[in-house]
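In my numbering, the protein residues as written are 12 to 103. Even glycine gets a Cβ: it sits at the ideal position worked out from N, Cα and C. A quick write-up on the structure given underneath.
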């Protein structure tokens, strides 16, 4: 089933922030790696966050809080990317 998924719109997933790439310059944004649930399986998901969502991701990463996010899930190469992120919050 995982191999059949190529694009799912408006998907909500829960997971843990595994890593973050530092923002370039003084921008408050960056790429985030998440281990999240996709079709009842844990998958690595990449997403780019901005402003307050990025600050929330930093907090979740440092304190190991689960997060809940929503966007368009796209299969790229050997993993997933969450694009058009419309919500990102600490869950719990």
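- For the set 82, 62 and 86, the Cα lying nearest the Cα of residue 37 is the one of 62.
- Three or more Cβ pairs closer than 8 angstroms define a contact, and the stretch 89 to 96 falls short of that threshold against the stretch 68 to 77.
- DSSP, reduced to helix, strand and coil, places residue 32 outside both helices and strands of the structure shown, so it counts as coil.
- Excluding sequence positions up to five before and after residue 71, its CB lies within less than 6 angstroms of the CB of 28, 78 and 101, all in the same chain and listed in chain order.
- In this model, residue 68 and residue 34 are separated by some 13 angstroms (Cα to Cα).
- Distance from the CA atom of residue 60 to the CA atom of residue 18, rounded to whole angstroms, is 19 angstroms.
- A direct Cα-Cα distance of roughly 7 angstroms separates residue 31 from residue 41.
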